[in-house]
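A.B. asks:
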Amino acid sequence: MTSASVHSRFFRAIRKHYVLYLLCIPGILFFILFRYLPMWGILVSFQNYNLWLGFWESDWVGFAHFTRFFTGPNFNTLMVNTLWLSFLNIAFAFPAPIILALLLNEVRRQWFKRSIQTLIYIPHFISWVIIGSMTFMLLSSGGPVNAILGNFGIGPIPFLTSVSTFRPMMVVQGIWRGAGFGTIIFLAALSGVDMEQYEAAIVDGAGRWKQCWHITLPALRSVVILLLILQMGSVLDTNFDQIILLSNAGNRTVSDVIEVFVFREGIVGGNFSFTTAIGLFQSVIGLILVIIADRAAKLVGESGIF
Numbered sequence: 175m176t177s178a179s180v181h182s183r184f185f186r187a188i189r190k191h192y193v194l195y196l197l198c199i200p201g202i203l204f205f206i207l208f209r210y211l212p213m214w215g216i217l218v219s220f221q222n223y224n225l226w227l228g229f230w231e232s233d234w235v236g237f238a239h240f241t242r243f244f245t246g247p248n249f250n251t252l253m254v255n256t257l258w259l260s261f262l263n264i265a266f267a268f269p270a271p272i273i274l275a276l277l278l279n280e281v282r283r284q285w286f287k288r289s290i291q292t293l294i295y296i297p298h299f300i301s302w303v304i305i306g307s308m309t310f311m312l313l314s315s316g317g318p319v320n321a322i323l324g325n326f327g328i329g330p331i332p333f334l335t336s337v338s339t340f341r342p343m344m345v346v347q348g349i350w351r352g353a354g355f356g357t358i359i360f361l362a363a364l365s366g367v368d369m370e371q372y373e374a375a376i377v378d379g380a381g382r383w384k385q386c387w388h389i390t391l392p393a394l395r396s397v398v399i400l401l402l403i404l405q406m407g408s409v410l411d412t413n414f415d416q417i418i419l420l421s422n423a424g425n426r427t428v429s430d431v432i433e434v435f436v437f438r439e440g441i442v443g444g445n446f447s448f449t450t451a452i453g454l455f456q457s458v459i460g461l462i463l464v465i466i467a468d469r470a471a472k473l474v475g476e477s478g479i480f
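Next comes the structure, spelled out in structure tokens:
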């Protein structure tokens with residue numbers, strides 16, 4: 175096929191579907207302006223950036239900031255805390271919307287199902303500041319949770335300042351806020367399942383559990399693997415808003431993660447080059463993990479994302 179015919183087909187496709195291409199323009203502009211152009215900022219990580227001198231006149235230091243981070247006294251603590259929270263989120267918060275979607279899919283009364291969906295969507299629209307305030311009120315030493323435990327001769331338990339309760343609080347908060355809204359994707363996937371498959375399974379004598387195992391779960395498999403691949407890209411990214419509201423001097427040994435360190439060093443300390451280098455390190459690790467997860471998905475027969 176000649177290049178002229180390829181160009182001709184290309185322009186014919188544009189003329190035929192010009193409305194769809196016009197709809198794509200805002201999204202394309204968004205990614206160009208707010209995703210690709212700001213990537214020039216990674217130059218800062220290789221400089222001693224001076225705000226008044228700008229990119230081109232600041233001193234170049236190569237990988238000095240990366241070396242400083244990797245050999246610094248906080249590196250091991252930051253990595254362990256960040257990886258622990260990411261592991262807990264993948265182990266508990268990631269499956270939560272899947273389980274919830276499976277349960278909702280078994281509800282046959284549509285009015286009840288829609289009512290439950292509305293209720294579990296609401297927490298997603300509550301800001302982390304409000305959720306943090308609710309947590310302080312409920313779990314403080316004089317809060318209702320400790321009051322109830324006191325009636326059973328337990329406590330008071332220092333939930334907010336204890337090292338052992340910080341990570342469970344983070345996971346529970348994340349599940350409460352995000353699990354309901356996360357069911358949207360999985361319920362959409364389940365809506366495409368042919369109901370005749372369930373009818374055939376019932377005729378063959380399959381109960382609810384076997385229908386779920388052989389029909390419902392396979393229908394979710396591709397979506398789950400796709401979302402898990404994307405989740406790998408944020409292994410070193412934790413929810414800064416949530417953590418900064420719960421962290422304090424009492425739980426600092428487990429709440430000090432990379433993003434909190436970047437905030438402390440970059441925004442408060444003004445070390446822009448150093449923290450940009452840390453951000454670049456997070457992005458590179460995330461990209462590598464996504465590629466590895468994508469290759470692993472293809473080994474088990476899934477299409478992946480690349």
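Per the numbering used here, the sequence shown starts with residue 175, numbered consecutively.
Each residue gets a CB set at the ideal place from its N, CA and C atoms; glycine is no exception.
Quick one: is residue 296 buried, meaning 16 or more other Cβ sit within 10 Å of its Cβ, or exposed?
C.D. replies: Residue 296 comes out exposed.
A.B. asks: How far does the alpha helix (DSSP H) with residue 307 in it extend, from its first residue to its last?
C.D. replies: Counting along the chain, the alpha helix (DSSP H) containing residue 307 begins and ends at 302 to 313.
A.B. asks: Output the residue ranges of the alpha helix (DSSP H) runs that lie fully inside the segment 314 to 360 and measure 4 residues or longer, sorted by chain position.
C.D. replies: Fully enclosed alpha helix (DSSP H) runs of 4 or longer: 318 to 325.
A.B. asks: Classify residue 250: buried if its beta carbon has 16 or more other beta carbons within 10 angstroms, exposed otherwise.
C.D. replies: Exposed, because fewer than 16 other Cβ atoms sit within 10 Å of the Cβ of residue 250.
A.B. asks: Assign residue 226 to one of three DSSP states: helix, strand, or coil.
C.D. replies: DSSP places residue 226 in coil when its eight states are reduced to three.
A.B. asks: Any idea if residue 349 is buried or exposed, counting beta-carbon neighbours within 10 angstroms, 16 or more meaning buried?
C.D. replies: It is buried - the Cβ of residue 349 has at least 16 other Cβ atoms within 10 Å.
A.B. asks: So, with DSSP's three-state summary, where would you put residue 233?
C.D. replies: Strand at residue 233.
A.B. asks: Sort 362, 333 and 345 by Cα distance to residue 270 and report the nearest one.
C.D. replies: Cα-wise, what sits closest to residue 270 is 345.
A.B. asks: Got a sec, what are the start and stop residues for the alpha helix (DSSP H) residue 157 sits in?
C.D. replies: As shown, the chain starts at 175 and ends at 480. That puts residue 157 outside it, with no answer to give.
A.B. asks: Just grab the DSSP bridge partners of residue 168 for me.
C.D. replies: It is not possible to answer for residue 168, since the shown part of the chain is limited to 175 through 480.
A.B. asks: Would you say residue 364 and residue 279 are within 7 Å of each other, going by their C-beta atoms?
C.D. replies: Yes, the pair counts as a contact, with Cβ atoms nearer than the cut-off.
A.B. asks: How many angstroms separate the CA atom of residue 382 from the CA atom of residue 370?
C.D. replies: One C-alpha to the other measures close to 15 Å.
A.B. asks: Have a look at 277, 224 and 303 and flag the residue whose alpha-carbon is nearest the alpha-carbon of residue 418.
C.D. replies: Ranking the options by Cα distance to residue 418, first place goes to 303.
A.B. asks: Along the alpha helix (DSSP H) that carries residue 437, what are the first and last residues, could you check?
C.D. replies: First-last for residue 437: undefined, no H or E at that position.
A.B. asks: Check whether the Cβ atoms of residue 436 and residue 427 sit closer than 7 Å, and answer yes or no.
C.D. replies: Cβ atoms of residue 436 and residue 427: not closer than 7 Å.
A.B. asks: For the pair the segment 331 to 342 and the segment 354 to 364, tell me if three or more CB-CB distances fall below 8 Å.
C.D. replies: Touching, no, given that fewer than three Cβ pairs across the two stretches are closer than 8 Å.
A.B. asks: Quick check: the Cα distance between residue 441 and residue 291, rounded to an integer number of angstroms?
C.D. replies: So the alpha carbons of these two residues sit roughly 39 Å apart.
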